[in-house]
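Report on one structure; see the data block that follows.
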Amino acid sequence: AQSVTQLDSHVSVSEGTPVLLRCNYSSSYSPSLFWYVQHPNKGLQLLLKYTSAATLVKGINGFEAEFKKSETSFHLTKPSAHMSDAAEYFCVVIPNTGGFKTIFGAGTRLFVKA
Amino acid sequence: DTEVTQTPKHLVMGMTNKKSLKCEQHMGHRAMYWYKQKAKKPPELMFVYSYEKLSINESVPSRFSPECPNSSLLNLHLHALQPEDSALYLCASSQPYDRALYGYTFGSGTRLTVV
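Line by line, the protein sequences give chains V and E. Take the first sequence: its letter number 75 is residue 86 in the working numbering, and every next letter is one higher. Take the second sequence: its letter number 49 is residue 34 in the working numbering, and every next letter is one higher.
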């Protein structure tokens, strides 16, 4: 069975400090992993994706994530938070088994303090 | 064009009304999706159309009726909704067999309030 666990429901950082949003997954097969961001009352925007190429993935707006198979993790990082990063972040697994199954994490709300 | 456009952005409807949500994409994607998102929750899949045919209905009540007139358009017809149906309704698109490579493109959503 596949699952996604976002380890923190809320993360609060100060502007200019690093961001770490944690995601662990469980999958019988090598999955594709995505991070999406959602600003209030907006749709989901793709930040970055891992699809079995490089394990360190760079995305938009300075975000990165590293796929660690041994730890079944895909944590999202950013060296320096900006006020505009305040949003909801979803870790998403799409199994490479066909069909339309998609597993969303519960989400992590990022707060950025001035 | 790399966008999914949803209209209207906001909708308030009574429990006896009939309304429709619209979604349009011009990315050549052949799979389109309706998701429902309640506050502080991840999106929940409602319907999937693949090559204009309904592929998945996640046991959605019949007061929600999807329609895919062509490969670019997706509608969600609403009738006799309940207050608990108030939510953000998101449309998404992808290629049916490339989702694991490219993920989804989401629209900005329709904020629906049922009074």
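Think of the CB as a built atom: it goes at the ideal place given N, C-alpha and C, for glycine as much as any other residue. All values reported here derive from a predicted model rather than from experimental measurement.
DSSP places Y87 of chain E in the uninterrupted alpha helix (DSSP H) bounded by 84 to 87. Under a criterion of Cβ atoms nearer than 8 Å, no residue of chain E is adjacent to A64 of chain V; the nearest Cβ is some 10 Å distant. Straight-line measurement puts the Cα of S93 of chain E at about 16 Å from the Cα of F101 of chain V. Residue pairing by DSSP places P51 of chain E opposite E:L61 in a beta bridge. For S81 of chain V and L86 of chain E, the gap between their C-alpha atoms comes out near 22 Å. Inter-segment contact for the segment 27 to 41 of chain E and the segment 107 to 114 of chain V is present: three or more beta-carbon pairs are separated by less than 8 Å. Residue state for E43 of chain E is assigned as coil, using DSSP reduced to three classes. Assignment of E69 of chain E by DSSP, reduced to helix, strand and coil, places it in the helix class. Contact of F91 of chain E with chain V by beta-carbon distance below 8 Å involves Y47, G54, L55, Q56. Contact check for T83 of chain V against N35 of chain V passes: the beta carbons are separated by less than 7 Å. Residue state for N35 of chain V is assigned as strand, using DSSP reduced to three classes.
Straight through space, the alpha carbons of E9 of chain E and E99 of chain V are spaced by roughly 25 Å.
A contact between stretches requires three or more CB pairs, one per stretch, nearer than 8 Å, and the segment -1 to 8 of chain E fails this requirement with the segment 22 to 38 of chain E. For K124 of chain V, the uninterrupted beta strand (DSSP E) run begins and ends at 119 to 124, by DSSP. With a cut-off of 8 Å on Cβ pairs, the segment 75 to 82 of chain E is not in contact with the segment 39 to 46 of chain V, counting fewer than three such pairs.
G27 of chain V has its alpha-carbon roughly 14 Å from the corresponding atom of F74 of chain V. Chain E has a Cβ within less than 7 Å of the Cβ of S43 of chain V.
Of all residues in the segment 26 to 58 of chain E, those with a C-beta nearer than 9 Å to a C-beta of chain V are K26, P27, P28, E29, L30, V33, S35, S40, I41, reading in chain order. Of the candidates E:K3, E:Y34, E:G13, the residue whose Cα lies closest to the Cα of Y20 of chain E is E:Y34. Membership of I71 of chain V in any beta strand (DSSP E) is not indicated, and neither H nor E is assigned to it by DSSP.
For N107 of chain V, the C-beta contacts it makes with chain E under 7 Å involve A85, in order along the chain. Listed along chain E is no residue with a C-beta nearer than 7 Å to that of A97 of chain V; the closest approach is about 15 Å. Within the same chain, F45 come within 6 Å of K60 of chain V by CB-CB distance, once the 5 residues on both sides are set aside.
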